[in-house]
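Novice: Read top to bottom, the protein sequences are chains A and B.
Heads up: take any position in the first sequence, counting from 1, add 25, and you land on this note's numbering.
Heads up: take any position in the second sequence, counting from 1, add 44, and you land on this note's numbering.
Note that beta-carbon positions come from the ideal geometry of N, C-alpha and C, so glycine has one too.
All values derive from a computational prediction rather than experimental measurement.
Here you go, one structure.
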Amino acid sequence: SLLFPDSKPVMHGEVLSPEYPQPYPPNLQKRWDLSVPNGYQIRLAFSHMDIEASAGCYYDSLTVLYNEKVLAKFCGQENSADGHHPGNQPILSPGNRLTLLFQTDSNNPEKHQNVGFSAQYQAIDIDECSAPEPRDGSDSLCAQICLNTLGSYICSCHHGYELRSDQRTCALSCTGGIFDEPQGHLSSPGYPNSPPHALSCQYVISVDSGFTVTLNFSDNFHVESVDTQQGPNCLYHWLQVTVPHREPIKLCGAKSPGVIETNSNTVRLDYHTDDEGLSNGWSLDYSTQRVNCPPPSKVAQGRVTPMLAEYFYRDYIFVRCDQGYKLMMDGHEIKSFSAMCQNNGQWHLPLPECHIIDCGEPEPLLNGGLTFLSGFQNQYRSVFQYHCNEPFYSLLGGVNVSFTCEADRKWRSHNDVVVSPTCLPVCGKPIKHVSGIQR
Amino acid sequence: IIGGSDAPDNTIPWQVMLNVNQNRGGGMVIADRWVMTAAHNLIDKNSKVATEAIQIYMGHNNVDTILQTPLYAASVHTHPGYNNPNNVDYNNDIALIKLQDPVTFNASIMPICLPPEGAAYETGIMGLVSGFGITKLGEQRFALTNKLKYVLVPLVAEEECAKSAVSWKQESANIPDLTNNMFCAGMREGTKDSCQGDSRGPYALYDHQRYWAAGIVSWGVGCGKKGAYGVYTRVANYLDWINKTMQEN
């Protein structure tokens, strides 16, 4: 029987003659049916063989069969010239099964007790795709592309074709191809050879909206054109390039269009041929570039970073103000600013402004006042000085200290003092005196 | 003030007029919340008078005007050593009144300085005593002034004052003792003196371009009498107590 319902496919195993490594008994007829999963073949290697040698392995023998067909018959020892043994050479089964048949007669030589054999087997993947083309004219495994897999194989087709339901042959199909990788290659069916007539193929290149597609046609471009009084005309065969919101372009002739920058993230290519004429077709590589955003304008009293020659989709810019200035947007102060170049080529936020900071009204001084010495009131770098209401009060310490509006929005003196001074009352000094000693 | 003159505006800007239980007296501004005065009249039957009984006036030389802007006491701090139930012991006659609200100083209100460290009370030096008290003495007639008066009286040597005190005691019983916390000032011949109504007011000495509070009008035997000097609390003896009281309050 070719079927072994009880045997379970395994990936490897060992076969030992009965009572190995003790001498095998007489009158044996032992059979092993080895199997591995479909798509694999069996590699059998003997680690030891010691079977009574005889001409044609007449008395004792180990027979290897595939589908009941004898592949080999062994006896003897690996180090002996007698008999017929495999030595170190492994045996490869044509399929995923192999049968071993061990037979012994009733007599064993008295001098030497033969111990039989030990063998190991393992599953080896069959590369179905490397099988030679059948000579009998029958179909090859795959009509176009064969891809080996572990335990099996799959067929595939060139671009412009699709696998038929028989999973072997390919049918022309060039519609509905969507290319969404950032770069790629596409060509007309059969290119560079002439394809079947009456083609109507559609290819759509569609990438993320922040990118634009550039087409780069190879030099070998051939789409039949018709010479008319107005010049070559794409009357029967054409390749139409369609970009959203723009007039489609029909291409034909023998001259490659070269590079076409579409400035769009979506391009549709329609290839049309009629029943007649000859077009060898075309091929192209496409690439994508990030969309540009306009260079940011300058920010007065601030800095835009990084400064680049060009800004592209997903680039970020930051704005920092000079010391003493703060970021303002829509009338409100913001702590930081960053903007991203969007997929529409616009910055996602308008640039902020830098406004000079303000330290606020200085603390009033009890029994005193203050005088601005420079700068616009309360703004960065403004300087004021406290004074006391003299002659009735005087400054503690007696020294006038100037306060400057610093970048941290605090009024600070040269000694980094933040607190305002104190006015001390003047005692015992009336502005007028009683008439004292008079003569 | 006996034998004195009207004080021109803004000449004695530390002068305070105090009314305690309707009795006119004086005081002096020493800080924007503090008035220094004497303890007598602020203690009634061994207890401090209520702050509500005290009206404080300053900033004007005319009584009619000064009465228009009373200030009020927040607390009264008499010297703990003042103990004078029978009006015969004026030792430690000093007190501080804390105002409810601070005053802003200007030409008409200005503090008088406290005595400098090691203040010198030199005999014969002229001191300025001022007040709204009695100006004339007659047989049966006193005249109270509505205008701030001042007079310059010299500081009297301790020995001379002590000698006078002996004679006062010969003339009258219940004359208070003189202590080291007091000094005398006045004219041997009388004629210039402080008097009733000036009590508790300032006796100022002028030194280094500043007036400082040398004394507080405390007591005396009569006013302007020959050989009867005025007795003043010696403020320099109380600097520690004054600073401590103000800091703690």
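In this structure, how does DSSP classify B:G175 when only helix, strand and coil are distinguished?
Specialist: B:G175: strand per DSSP, three-state reduction.
Novice: Can you tell me whether DSSP reads B:D284 as helix, strand or coil?
Specialist: It is helical.
Novice: Counting contacts by CB-CB distance shorter than 9 Å, is B:T122 in contact with chain A?
Specialist: No, its Cβ sits nowhere closer than 9 Å to a Cβ of chain A.
Novice: Look up B:M305 in the DSSP assignment and say whether it is helix, strand or coil.
Specialist: Any property of residue 305 of chain B remains undetermined from this structure, which presents chain B solely from 45 to 293.
Novice: Is the distance from the Cβ of B:G268 to the Cβ of B:G234 below 9 Å?
Specialist: Yes, the pair counts as a contact, with Cβ atoms nearer than the cut-off.
Novice: Output the distance between the C-alpha atoms of A:R328 and A:E358, rounded to the nearest integer angstrom.
Specialist: Each residue's Cα considered, the two are about 17 Å apart.
Novice: Given this structure, state the Cα-to-Cα distance separating A:L69 from A:Q169, to the nearest angstrom.
Specialist: Taking the straight line joining both Cα atoms gives about 34 Å.
Novice: So, A:E77 versus A:N173, is the Cβ gap smaller than 9 Å?
Specialist: Contact flag unset, no.
Novice: What would DSSP say about B:G264, mapped onto helix, strand or coil?
Specialist: Correct three-state label for B:G264: strand.
Novice: Determine which residues share a DSSP beta bridge with A:C379 and list them.
Specialist: BP columns for A:C379 point to A:L352.
Novice: What three-state label does DSSP hand B:W78 in the structure shown?
Specialist: Residue state, collapsed to three classes: strand.
Novice: From the DSSP output, read off the bridge partner residues of A:H439.
Specialist: DSSP, once it has assigned bridges, lists no residue as partnering A:H439.
Novice: Examine the Cβ distances between the segment 382-392 of chain A and the segment 406-424 of chain A and report whether three or more of them are shorter than 8 Å.
Specialist: Yes, they touch.
Novice: Measuring straight from C-alpha to C-alpha, what distance separates A:P159 and A:S165?
Specialist: Approximately 6 Å between the Cα atoms of the pair.
Novice: Restricting to Cα atoms, I'd like to know which of A:L309, A:T298, A:G278 and A:G302 is closest to A:I285.
Specialist: Checked all of A:L309, A:T298, A:G278 and A:G302; the closest Cα to A:I285 is A:L309.
Novice: So, under 8 Å CB-CB, A:L224 and A:P214 are touching, yes? Tell me the CB distance rounded to an integer number of Å.
Specialist: At roughly 6 Å, the Cβ-Cβ gap stays under 8 Å, so A:L224 and A:P214 are in contact.
Novice: Specify the secondary structure class of B:Q214 as computed by DSSP and reduced to three states.
Specialist: Helix, per DSSP.
Novice: Name the two residues that bound the continuous beta strand (DSSP E) containing A:D233.
Specialist: Looking at the DSSP string, A:D233 is not in any beta strand (DSSP E), and its letter there is neither H nor E.
Novice: Provide the residue span of the beta strand (DSSP E) that contains A:D149, from first to last.
Specialist: The amino acid at residue 149 of chain A is misidentified as Asp; the sequence shows Ile. Run containing A:I149: G141 to D150, per the beta strand (DSSP E) assignment.
Novice: For a contact defined as C-beta to C-beta under 7 Å, what are the partners of A:H458 on chain B?
Specialist: By Cβ distance, chain B contributes T55.
Novice: Less than 9 Å between the beta carbons of A:Y341 and A:R315, yes or no?
Specialist: Cβ atoms of A:Y341 and A:R315: not closer than 9 Å.
Novice: Can you say whether A:Y311 is buried or exposed, counting buried as having 16 or more other CB atoms within 10 angstroms of its CB?
Specialist: Its Cβ being crowded by 16 or more others within 10 Å, A:Y311 is buried.
Novice: For chain A, check one thing: does any of its Cβ atoms lie closer than 9 Å to the Cβ of B:Y273?
Specialist: Closer than 9 Å: no.
Novice: Looking at B:K142 and B:Q58, is the spacing between their C-beta atoms short of 9 Å?
Specialist: Per the sequence presented here, residue 58 of chain B reads as Trp, with Gln not at that position. No. Outside cutoff.
Novice: Do B:A139 and B:T122 have their CB atoms nearer than 9 Å?
Specialist: Contact: yes.
Novice: From the beta carbon of B:I156, is the nearest beta carbon of chain A less than 9 Å away?
Specialist: With 9 Å as the cut-off, B:I156 counts as an interface residue toward chain A.
Novice: At a Cβ threshold of 9 Å, is B:T167 touching chain A?
Specialist: By this cut-off, B:T167 is not an interface position.
Novice: Which value, in whole angstroms, describes the spacing of the CA atoms of B:N225 and B:A83?
Specialist: One C-alpha to the other measures close to 13 Å.
Novice: Using a Cβ-Cβ cut-off of 9 Å, state whether B:L143 counts as contacting chain A.
Specialist: So, not an interface residue.
Novice: If B:D137 and B:S262 are in contact, beta carbons under 8 Å, what's the gap, nearest whole angstrom?
Specialist: That pair is a contact at about 5 Å.
Novice: Considering B:I138, what are the terminal residues of the beta strand (DSSP E) in which it resides?
Specialist: No beta strand (DSSP E) contains B:I138, which DSSP labels as neither H nor E.
Novice: Here's the rule: buried if 16 or more other CB atoms are within 10 angstroms of the residue's CB, otherwise exposed. What is A:F29?
Specialist: Its pLDDT being 47, under 50, A:F29 is placed unreliably in this model, and the value from its coordinates should be taken loosely. Exposed: under 16 other Cβ atoms inside 10 Å.
Novice: In terms of residues, what are the limits of the alpha helix (DSSP H) holding B:D108?
Specialist: Per DSSP, B:D108 belongs to the alpha helix (DSSP H) from V107 to I110.
Novice: Considering only the beta carbon of each residue, do A:C379 and A:Y405 sit closer than 9 Å?
Specialist: Contact flag unset, no.
Novice: Does chain A have any CB closer than 9 Å to the CB of B:I286?
Specialist: False, the Cβ-Cβ gap to chain A never drops below 9 Å.
Novice: So is B:I74 in contact with chain A if we call contact Cβ pairs under 9 Å?
Specialist: Chain A contact via Cβ: present.
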